[in-house]
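Inspection log for the structure reproduced underneath, given as structure tokens.
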Amino acid sequence: MGDPREREGAGPDPTAALEMMRDFLAKGVNLLSQPVDAEVGTTPKDVVWQDGKLKLLRYRPLVKKPVSPPVVISYALVNRYYMIDLQPDRSMVRELLARGIDIYVIDWGYPGRLDRFLTMEDYIDGQIDRCVDEVRRLSGEDRVNLLGICQGGTFSLIYTALHQQKIRNLVTMVTPYDFHTDTGLLNVWSRFLDVDKMVDVLGNVPGDFMNAGFLMLNPVQLVLEKYRNYADKLDDPAFISNFIRMERWIFDSPDQAGECFRRFIKEMYQENRLKRGTFELGGRRVDLKRITVPLLNIYGTADNLVPPACSTGIAEAVGSADTETIAFPGGHIGVFTGGRSQKQLVPRIAEWLTERSGSAGGKTSGKTSGKTSGKTSGKTSGKTSGKTAGAKAAPAAKRGRG
Amino acid sequence: MAENPMDAWISFQRGWLEMISGGKPGQEGRAGVSGDPFEAWRGLWERAGGGQWHDLTGMQHVLTSFGAYARLFDAWTRAGSAAGKDGSATVAAGMFDAWREIAEDLSRRWAAVVSPFFSAAGADPMTLVERMLGMSEPLKDFHVRVFTPWRETVEKLWRRFAELAGRQPSAETVEGFHAAWMEAYEETIGRVVRIPSVGPARERHDLLLRCFDAAARWQGATLEFALEMQIPAREAFEKAAARAADLIGPQAGVEDFQRFYDDLTGEMEARLFELFKSERFAAAMKSTLSASLDFHKLLQQVMEQALEGTPLVTRTEMDEVEQELVAVRRKVERQQAEIAELKAALSGKGVK
């Protein structure tokens with residue numbers, strides 16, 4: 002088969018080009034006809050507590066004596082928690098386990114009809130609190146570390162402000178706190194959303210609706226280019242596996258419990274109550290200044306879902322003396338799955354937690370994937386110094402939602 | 008004769024439009040059925056290749072009967088129109104002649120079907136028809152007076168439909184069709200269901216009407232939204248096409264196509280982002296979503312109405328039960344927490 006570009010002076014040879022295309026597609030079809038290894042969330046874990054759809058999972062520690070207290074991870078309601086363990090060689094969970102961190106994660110499950118009446122109180126004062134209590138009971142620690150991601154980070158801020166006696170350290174990742182920024186399309190669009198009508202009519206808000214909104218944040222990249230890149234690499238089995246894993250995660254979107262969604266959109270996106278200090282949960286005003294535990298806040302400099310402007314003020318908003326903010330070069334998803342994240346960011350999280358916990362982790366007892374450098378790039382200092390230390394914005398990530 | 012079913016179908020549709028508009032689609036035609044509708048239908052059917060498809064004996068019967076009905080309608084409209092002009096009910100006689108004609112046609116063509124019915128009514132077909140048509144003069148007068156404005160409205164609507172059918176599809180056309188349908192409904196079924204004695208049926212029809220209205224508004228809003236989305240894409244294509252001549256010449260290679268594609272997608276990305284940031288886009292999105300939700304809300308009400316007469320549970324009933332369940336669950340959780348606190352307090356005091 003000839004290369005269509007080699008016909009000097011005669012222009013491209015359409016027959017040869019078609020043959021190339023045919024062979025390429027045949028290769029792709031053959032590859033896709035085979036079973037593709039696209040398992041997600043493969044790090045061993047156990048359900049240690051369950052209440053209805055709510056599950057508390059514990060990843061099996063890789064060290065004999067993990068760092069204590071354990072970390073409870075609270076993910077956003079809109080996607081599944083296994084983003085932090087998407088593929089074996091890019092797993093935030095594995096990297097943390099390898100560094101002795103003891104990890105519990107809250108699995109919210111998929112809301113059904115009955116769950117449409119779940120409120121923010123049910124999630125924060127109810128579900129998170131019960132999970133935290135369970136981890137306290139299992140670990141024998143009075144206080145645990147809480148790590149919140151995206152909306153789960155917002156929930157974690159609120160929870161800590163109200164239940165600080167149960168929290169040792171707080172980590173927030175790609176967490177929105179100031180919703181009134183014009184740099185994010187979601188922030189702009191949400192202001193136009195008639196959320197009352199939506200919840201009244203739909204009950205739970207479909208995950209597919211949320212997904213459509215996410216895709217529209219960058220339709221050329223997420224609807225067109227992504228699949229063109231996919232087609233370009235049809236002959237690369239590793240790429241195909243990772244691509245399918247990511248697709249699986251992206252489109253595995255649980256519906257949103259109606260009442261919680263209504264309040265989150267109205268009081269956060271539309272009224273910006275958390276930042277304004279007027280948000281109330283269960284009749285109590287949520288004052289972030291009441292948070293005095295150490296805080297580590299991480300945001301993606303190229304995050305178009307939770308733009309930096311939504312997150313940067315968190316360290317200033319809390320009352321903690323010990324804060325650190327990391328501006329990580331990457332998008333919303335790249336913060337978890339990027340190679341640099343595994344090498345630089347996750348080790349820094351482990352280090353930060355270990356420094357502020359009672360007992361350091363022991364030696365690794367299992368095999369871990371990926372290398373770690375232990376250094377963090379793009380770190381900004383806490384409010385004690387107020388300086389930015391080498392934060393560099395990266396180009397917008399071109400996959401997933403980041 | 009059409010060569011394939013699709014052509015036949017298109018031909019059939021076009022012919023139907025011509026017939027109802029009295030001219031070519033898009034032209035303002037004469038309202039109502041004109042000429043010999045039976046011949047028109049039969050001609051259309053033959054043009055559509057209908058004869059090739061089936062043994063049409065049964066269909067021919069239907070069409071023939073339809074032709075008779077159409078002649079009746081024609082006579083009726085003329086009689087009604089004349090009555091409206093001179094105010095006399097007597098000119099409606101043509102209408103009753105037409106009824107007689109249809110009755111004769113029915114009894115002749117469909118004897119096997121209609122004879123038992125007439126026999127059961129205790130009369131021979133023609134006597135029964137005469138009896139039915141032997142309405143009093145005031146009744147005839149009332150009939151004509153009611154019919155005349157109705158017929159005028161229908162004529163007007165036909166003209167509107169014919170006009171809209173000839174236009175390019177657009178948001179305006181869709182809205183126009185919607186408005187015309189709504190008007191048609193109001194002037195026909197709407198009049199009937201507003202008769203007080205119709206009672207609850209009126210409310211049911213009103214709900215259906217609002218549901219239809221919401222569906223049309225949703226369609227209109229979606230079209231507007233799609234148009235908004237198409238503008239930047241079209242502009243990007245235009246710009247890329249202008250550059251295509253430079254990039255893709257006779258010697259163009261893969262890299263040139265790649266550059267063209269990158270140009271196009273880059274342009275689209277920039278323009279879409281500009282659009283998405285605008286308040287006009289957010290407003291269009293809100294309006295589409297809102298219209299969709301309005302429709303779904305009414306559809307749910309229609310469904311609930313339909314379920315009322317069945318032993319099935321409605322969504323509202325389910326919601327009420329589920330809300331109670333959630334309240335009970337919260338109460339249990341609170342009590343569990345209180346029990347745990349009490350246990351802890353008691354164990355601190357050494358009480359078991």
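Those protein sequence lines, which keep their order, are chains A and B.
Positions 2 to 403 (the numbering used here) are the ones given, in order, by the first sequence.
Positions 8 to 359 (the numbering used here) are the ones given, in order, by the second sequence.
Think of the CB as a built atom: it goes at the ideal place given N, C-alpha and C, for glycine as much as any other residue.
For clarity, every value in this text was computed on a predicted model and none was experimentally measured.
Checklist entry - Taking DSSP as the reference, what is the three-state secondary structure of VAL189(A)? => result Here residue 189(A) corresponds to residue number 188 of the first sequence, with the count starting at 1. Helix at VAL189(A).
Checklist entry - In chain order, what residues of the same chain lie with their CB nearer than 6 Å to the CB of GLY153(A), ignoring the 5 residues before and after it? => result Counting from one through the first sequence, the residue named residue 153(A) turns up at place 152. Result list for GLY153(A): SER75, TYR76, ALA77, in chain order.
Checklist entry - Which residues share a DSSP beta bridge with VAL145(A)? => result Counted from its first residue, the first sequence places residue 145(A) at position 144. VAL145(A) pairs with ILE168(A).
Checklist entry - Can you pull the DSSP bridge partners for GLN271(A)? => result Looking up residue 271(A) in the first sequence gives position 270. In the DSSP output, where bridge partners are listed per residue, GLN271(A) has none listed.
Checklist entry - Whose CA, out of GLY355(B), GLU315(B), ASP213(B), SER285(B), lies closest to the CA of GLU235(B)? => result Stepping through the second sequence from its first residue, residue 235(B) is reached at position 228. Looking at the Cα atoms, SER285(B) is the closest of the given residues.
Next on the checklist: Let me confirm a value: LYS338(B) is counted as buried when at least 16 other C-beta atoms fall within 10 Å, else exposed. Which label applies?
Outcome noted: Counting from 1 along the second sequence, the entry for residue 338(B) is found at position 331. Counting Cβ neighbours within 10 Å, LYS338(B) comes out exposed, since fewer than 16 surround it.
Next on the checklist: Please list, in chain order, the chain A residues whose beta carbon lies closer than 9 Å to that of GLN237(B).
Outcome noted: Position 230 of the second sequence, counting from 1, holds the residue named residue 237(B). Chain A residues near GLN237(B): none, gap ~13 Å exceeds 9 Å.
Checklist entry - Going along chain A in order, which residues have a C-beta closer than 7 Å to the C-beta of LEU332(B)? => result Position 325 of the second sequence, counting from 1, holds the residue named residue 332(B). The answer, in chain order, is LEU115.
Checklist entry - By the criterion of Cβ-Cβ separation under 7 Å, what are the contact partners of MET292(B) in chain A? => result To locate residue 292(B), count along the second sequence from 1; it is residue 285. Near MET292(B) (Cβ distances below 7 Å), the residues of chain A are TRP190, PHE193.
Checklist entry - Under 8 Å between C-beta atoms, does GLU348(B) make it to chain A? => result Position 341 of the second sequence, counted from the first residue, corresponds to residue 348(B). Answer no: the Cβ-Cβ gap between GLU348(B) and chain A never drops below 8 Å.
Item to check | Where LEU319(B) meets chain E, residues with beta-carbon distance less than 7 Å | outcome: In summary, chain E is missing from the structure at hand, where the protein chains are A and B.
Checklist entry - Does LEU300(B) get closer than 8 Å to chain A when you measure Cβ to Cβ? => result Reading the second sequence from its first residue, position 293 is the one you call residue 300(B). It does: the Cβ of LEU300(B) has a partner Cβ on chain A nearer than 8 Å.
Next on the checklist: So PRO205(A) and GLY259(A) are supposed to be a Cβ contact under 8 Å. How far apart are they, rounded?
Outcome noted: The residue given as residue 205(A) occupies position 204 in the first sequence. The residue given as residue 259(A) occupies position 258 in the first sequence. According to the sequence shown, residue 205(A) is Asn rather than Pro. That pair is a contact at about 5 Å.
Next on the checklist: Strictly under 8 Å for the Cβ-Cβ distance: is LYS246(B) near chain A by that measure?
Outcome noted: As a first step, residue 246(B) is located in the second sequence; it is residue number 239 there, counting from the start. By this cut-off, LYS246(B) is not an interface position.
Checklist entry - Could you give the distance in angstroms between the alpha-carbon of GLN222(A) and the alpha-carbon of GLU276(B)? => result Position 221 of the first sequence, counted from the start, is the residue given in the question as residue 222(A). Position 269 of the second sequence, counted from the start, is the residue given in the question as residue 276(B). Approximately 8 Å between the Cα atoms of the pair.
Checklist entry - Going along chain A, which residues have a C-beta under 8 Å from LEU215(B)? => result The residue given as residue 215(B) occupies position 208 in the second sequence. One finds nothing in chain A with a Cβ atom closer than 8 Å to the Cβ of LEU215(B); even the nearest lies about 18 Å away.
Checklist entry - Which same chain residues, not among the five before or five after SER95(B), have their C-beta less than 6 Å away from its C-beta? => result The residue given as residue 95(B) occupies position 88 in the second sequence. Confidence is the limiting factor: at SER95(B) the pLDDT is only 44, short of 50, which leaves the residue's position unreliable, though a coordinate-based value still follows. Counting only Cβ-Cβ distances below 6 Å, and skipping sequence neighbours, we find nothing.
Next on the checklist: Once the 5 residues before and after GLN1(A) are set aside, which same chain residues still bring their CB inside 8 Å of it?
Outcome noted: Since the first residue of chain A shown is 2 and the last is 403, residue 1(A) is not available in this structure.
Checklist entry - Going straight from the alpha carbon of ILE168(A) to that of LEU218(A), what length do you get? => result As a first step, residue 168(A) is located in the first sequence; it is residue number 167 there, counting from the start. As a first step, residue 218(A) is located in the first sequence; it is residue number 217 there, counting from the start. Approximately 35 Å between the Cα atoms of the pair.
Item to check | Nearest-angstrom beta carbon gap, VAL48(A) and LYS54(A) [assumed within contact, 8 Å] | outcome: As a position in the first sequence, residue 54(A) is number 53, starting the count at 1. As a position in the first sequence, residue 48(A) is number 47, starting the count at 1. Not quite, the Cβ-Cβ distance comes to about 12 Å (not below 8 Å), so this is no contact.
Checklist entry - Between the Cα of GLN308(B) and the Cα atoms of LEU215(B), GLY227(B), ALA248(B), LEU353(B), which residue gives the shortest distance? => result Start at 1 with the first residue of the second sequence, and residue 308(B) comes out as number 301. Comparing Cα-Cα distances from GLN308(B) to each of LEU215(B), GLY227(B), ALA248(B), LEU353(B), the minimum goes to LEU215(B).
Checklist entry - In the region 266 to 294 of chain B, which residue ranges form an unbroken beta strand (DSSP E) of at least 3 residues, counting only runs that do not cross its ends? => result none
Item to check | C-alpha distance - GLN88(A) paired with PHE337(A), whole-angstrom precision | outcome: Taking the first residue of the first sequence as 1, we reach residue 88(A) at position 87. Taking the first residue of the first sequence as 1, we reach residue 337(A) at position 336. Going by the C-alpha atoms only, they are around 11 Å apart.
Checklist entry - Taking C-beta to C-beta, are SER69(A) and SER358(A) nearer than 8 Å? => result Along the first sequence, read from residue 1 onward, the residue named residue 69(A) stands at position 68. Along the first sequence, read from residue 1 onward, the residue named residue 358(A) stands at position 357. Against a cut-off of 8 Å, the Cβ pair of SER358(A) and SER69(A) comes out as a contact.
Next on the checklist: In this structure, how does DSSP classify GLU427(A) when only helix, strand and coil are distinguished?
Outcome noted: Look at the range of chain A in this structure, 2 to 403, and you will see that residue 427(A) is not part of it.
Checklist entry - What are the residues that DSSP puts in a beta bridge with ASP52(A)? => result Residue numbering aside, residue 52(A) sits at position 51 when the first sequence is read from its first letter. For ASP52(A), which the question treats as bridged, DSSP gives the partners LEU55(A).
Item to check | Inter-residue spacing [alpha-carbon to alpha-carbon] between ILE334(A) and ASP143(A) | outcome: Translated into positions along the first sequence, residue 334(A) becomes position 333. Translated into positions along the first sequence, residue 143(A) becomes position 142. The straight-line gap from Cα to Cα measures roughly 32 Å.
Checklist entry - With a Cβ-Cβ cutoff of 8 Å, do ASN354(A) and ASN170(A) count as a contact? => result Counted from its first residue, the first sequence places residue 354(A) at position 353. Counted from its first residue, the first sequence places residue 170(A) at position 169. Going by the sequence as given, residue 354(A) is Leu instead of Asn. Yes. Within cutoff.
Item to check | Endpoints, the beta strand (DSSP E) within which GLY301(A) is located | outcome: For this step, residue 301(A) is matched to residue 300 along the first sequence. Note, GLY301(A): beta strand (DSSP E), 296 to 301.
Item to check | 8 Å contact criterion, which SER342(A) and GLY332(A) should meet: CB distance rounded | outcome: Residue mapping note: residue 342(A) aligns to position 341 of the first sequence, counting from 1. Residue mapping note: residue 332(A) aligns to position 331 of the first sequence, counting from 1. With 8 Å as the limit, SER342(A) and GLY332(A) do not qualify as a contact, their Cβ atoms being about 11 Å apart.
Next on the checklist: Taking beta-carbon pairs under 7 Å, can you tell me which members of the region 269 to 283 of chain B lie near chain A?
Outcome noted: THR272, MET275, GLU276, LEU279, PHE283
Checklist entry - What is the residue span of the alpha helix (DSSP H) that ILE346(B) lies within? => result On the second sequence, position 339 is the one that residue 346(B) refers to. Segment 322 to 355, the alpha helix (DSSP H) holding ILE346(B).
Item to check | Under 7 Å by beta carbon: chain B residues contacting PRO220(A) | outcome: Here residue 220(A) is taken as the residue at index 219 of the first sequence, counted from 1. Going along chain B in sequence order, the residues near PRO220(A) (Cβ under 7 Å) are LEU279.
Checklist entry - Residues of chain A with a CB under 9 Å from the CB of LYS304(B): which are they? => result Here residue 304(B) refers to the residue found at position 297 when the second sequence is read from its first residue. Scanning chain A for C-beta atoms nearer than 9 Å to the C-beta of LYS304(B) yields LYS198, ASP201, VAL202, reported in chain order.
Next on the checklist: Assuming the contact rule is C-beta atoms closer than 8 Å, LEU305(B) and ALA221(B) should be a hit. Round their C-beta distance to whole Å, please.
Outcome noted: In the second sequence, the residue the question calls residue 305(B) occupies position 298. In the second sequence, the residue the question calls residue 221(B) occupies position 214. That pair is a contact at about 5 Å.
Checklist entry - Which chain B residues sit within Cβ distance under 9 Å of PHE118(A)? => result By 1-based counting over the first sequence, the position of residue 118(A) is 117. Those are ASP326, GLU329, GLN330, LEU332, VAL333, ALA334, listed as they occur along chain B.
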